[in-house]
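Report on one structure; see the data block that follows.
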Amino acid sequence: MNENKIVTRMAPSPTGKFHIGSVRTTLFNYLFARQHKGTFIIRSEDTDKERSKQEYEDNMLDSLKWLGLDFDEFYRQSERTAIYQKHIKQLISSGHAYEAEPSKEDSQQAVIRFKNPNKKISFKDLILGDIEFDTTELGDFVIARTINLPVYHLTVVVDDGLMGVTHIIRGQEHINNTSRQILILEALGFSRPQYAHIPLIMSPRGGKLSKRDPEVVPTLEYKDKGILPEALINFMAFIGWNPGDEREILSKEELIKEFDLNKVQKGGGVFNIEKLKWINKQYLNRYSLDEFENYLKPLEVEFQKIPNFNQEIFKKIIPIIKERVDDFDGVREMIEKNELGYYFNSPELNKEKISWKENPAETTQKHLEKVSQLIENYSAEWNNDALKELIFPYAEQEGKGDVLWPLRYALSGQEKSPDPFTLLFVLGKKESLSRIQKARELL
Ligand code: GLU
36 MNENKIVTRM APSPTGKFHI GSVRTTLFNY LFARQHKGTF IIRSEDTDKE
86 RSKQEYEDNM LDSLKWLGLD FDEFYRQSER TAIYQKHIKQ LISSGHAYEA
136 EPSKEDSQQA VIRFKNPNKK ISFKDLILGD IEFDTTELGD FVIARTINLP
186 VYHLTVVVDD GLMGVTHIIR GQEHINNTSR QILILEALGF SRPQYAHIPL
236 IMSPRGGKLS KRDPEVVPTL EYKDKGILPE ALINFMAFIG WNPGDEREIL
286 SKEELIKEFD LNKVQKGGGV FNIEKLKWIN KQYLNRYSLD EFENYLKPLE
336 VEFQKIPNFN QEIFKKIIPI IKERVDDFDG VREMIEKNEL GYYFNSPELN
386 KEKISWKENP AETTQKHLEK VSQLIENYSA EWNNDALKEL IFPYAEQEGK
436 GDVLWPLRYA LSGQEKSPDP FTLLFVLGKK ESLSRIQKAR ELL
């Protein structure tokens with residue numbers, strides 16, 4: 036047995052979908068355990084029968100799977116009632132707990148209370164430093180409703196003790212629970228773990244990030260937004276921690292190496308969604324075109340809604356989409372704002388917009404005619420660079436705006452679009468010529 040083996044745990048209560056704040060607590064526990072070749076435990080704290088649901092536990096497990104945060108052991112508190120019962124009995128027989136008469140305001144039933152030794156508890160939190168509590172004010176607190184219904188403080192201590200948890204890494208909202216838990220663990224004779232209470236996640240609008248913030252959604256909704264799991268992990272790791280240098284993009288493997296629990300900040304870190312999108316973009320930039328096409332698969336139905344959508348053109352505009360977007364929201368916006376429709380459909384043109392600035396129609400006619408001829412007579416390879424070589428010298432000679440604006444507008448019908456060579460490439464010779472012809476007829 037390796038006595039120094041590090042054991043961490045994430046102990047979510049499955050009373051709702053696994054939301055984004057829980058990801059960071061999971062991640063810090065995961066990184067710390069993996070860094071020390073320790074054990075990472077997931078414990079489903081499902082003792083609240085009314086509010087705990089299997090679907091929420093499944094949602095938590097699906098979220099962790101998507102993120103690639105694997106664990107070594109899994110427990111469910113609802114399956115451990117006999118274990119808690121044994122420890123409650125042990126506390127009663129050793130004089131550390133007693134069955135109390137129902138108090139008037141409390142409940143109908145007798146409850147089991149912990150006999151508070153009323154002492155000072157101090158510990159060194161790995162993040163917050165020295166902490167001292169006087170437990171006197173806690174009174175004889177409840178550890179179980181009945182012998183079969185333990186409350187959170189009891190189950191957590193029994194489990195952490197039996198599972199050999201060495202480091203309790205959890206949110207700062209739990210700091211006040213620590214003194215009760217230390218009293219119980221001392222009474223049960225468990226050794227004391229180290230505590231690391233991590234800072235709150237702050238809202239970009241100020242205050243603690245809460246359910247009212249639009250960023251706080253179930254973790255898997257980030258998947259539906261086209262956020263990559265490696266980007267989300269990278270982003271969450273940097274809330275309240277950083278590697279101490281300029282680096283902002285770190286893979287999970289690098290994080291395992293670099294993470295330092297002692298360097299987690301005391302104060303809250305802000306959840307900045309723009310930063311998340313930026314990080315996502317950095318990961319997308321590393322994708323090949325094939326990988327990016329595969330990434331877009333979940334949006335297939337939305338692409339299909341574009342009139343005359345077809346795969347041939349779609350393949351050609353993948354680099355254009357790739358350059359433009361950070362996530363699925365960006366792609367959806369391109370579809371909604373009709374920034375993709377004109378690749379598949381000849382656009383409506385506005386006569387007034389065809390010419391560059393104040394150029395008379397005849398000048399524009401002349402340029403479009405010349406460009407048409409160049410294209411008509413061209414039979415070598417059809418790609419951006421070759422098309423640029425074909426047309427650019429004429430544009431330089433006649434004025435770039437004068438030639439390229441009408442060409443680009445004739446092809447796209449948009450105030451803004453990629454350059455005309457890219458458009459020619461995507462549309463192909465026949466369609467390009469027909470669109471230029473349409474513009475000339477309008478003039
Ligand atoms: N089940 C508790 C929660 O969801 C766990 C707290 C702890 O980590 O001790 O907050």
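Residue numbers for the sequence shown follow my numbering, so the first one is 36 and each next one is one higher.
Every residue gets a Cβ at the ideal spot worked out from N, C-alpha and C, and that includes glycine.
Just so it is clear, the structure is predicted and the values come from calculations on it, not from any experiment.
Per DSSP, the continuous alpha helix (DSSP H) segment holding Gln89 begins and ends at 89-102. If the five residues before and after Asn94 are omitted, its C-beta is found closer than 6 Å to the C-beta atoms of Lys52, Phe53, all from its own chain and listed in chain order. Rounded to the nearest angstrom, the gap between the Cα atoms of Ile274 and Leu331 is 28 Å.
Using a 10 angstroms sphere on the CB of Ala222, the tally of other CB atoms reaches 16 or more, which defines it as buried.
Put simply, the stretch 152-170 does not touch the stretch 108-122. Fewer than three CB pairs are less than 8 Å apart. Each of Glu371, Leu439, Ile233, Ile236 was checked against the Cα of Lys340, and the nearest Cα belongs to Glu371. For His71, the secondary structure class from DSSP, reduced to helix, strand or coil, is coil. Between Ser286 and the set Val299, Trp276, Phe270, Glu476, the nearest pair of CA atoms involves Phe270. Ser469 sits exposed, since fewer than 16 C-beta atoms from the chains shown fall within 10 Å of its C-beta. Between Phe75 and Asp107, the gap from beta carbon to beta carbon is short of 9 Å.
The stretch 378-393 and the stretch 435-452 touch, with three or more beta-carbon pairs separated by less than 8 Å. Per the DSSP secondary-structure output, Arg78 pairs in a beta bridge with Tyr110. Chain-ordered, the residues whose CB falls short of 6 Å from any heavy atom of ligand 1 come out as Ala46, Pro47, Ser48, Glu80, Val191, Arg205, His209. Check the Cα spacing between Asp325 and each of Gly304, Lys350, Phe460: the tightest is with Lys350.
In the structure shown, Met369 falls within a helical segment according to DSSP collapsed to helix, strand and coil.
Rounded to the nearest angstrom, the Cβ distance from Val200 to Pro228 is 5 Å, consistent with a contact under 8 Å.
The Cβ-Cβ distance between Ile356 and Val366 falls below 9 Å.
Of the residues assessed, Lys312 falls on the buried side of the cut-off, its CB having 16 or more other CB atoms within 10 angstroms. A check of alpha carbon separations from Ile77 across Arg282, Pro239, Lys298, Arg44 identifies Arg44 as the nearest. In summary, Ser48 is buried, with 16 or more beta-carbon neighbours lying within 10 Å of its beta-carbon over all protein chains present. Only residues of its own chain outside the window of five on either side were considered, and among them Thr43, Arg44, Met45, Phe75, Ile204 have a CB closer than 7 Å to the CB of Asn64, listed in chain order.
For Ile426, the uninterrupted alpha helix (DSSP H) run begins and ends at 419-433, by DSSP. When Cβ pairs closer than 8 Å are counted between the two stretches, the stretch 256-268 is seen not to touch the stretch 235-244, the count staying below three.
In this structure, DSSP gives Gly279 a state outside helix and strand, which the three-state scheme calls coil. The three-state reading of DSSP puts Phe270 in helix, counting H, G and I together. Ala266 and Tyr318 have their C-alpha atoms some 7 Å from each other. Per DSSP, Phe158 is one residue of the beta strand (DSSP E) stretching across 155-160.
Counting of Cβ neighbours within 10 angstroms places Arg282 among the exposed residues, the total staying below 16. The stretch 141-159 and the stretch 295-309 do not touch, with fewer than 3 CB-CB distances between them shorter than 8 Å.
In the DSSP assignment, Tyr413 is bridged to no other residue. By the criterion of a C-beta distance shorter than 6 Å, Asp361 is surrounded in its chain by Lys312, Asn315, Lys316, once the five residues flanking it on both sides are discounted. In the three-state reduction of the DSSP assignment, Gly130 falls in the coil class.
Collapsing the DSSP output to three states places Ala135 in a strand. Here the stretch 178-192 makes contact with the stretch 117-135; the two share three or more CB pairs at distances below 8 Å. A direct Cα-to-Cα measurement between Ile41 and Lys72 gives close to 7 Å.
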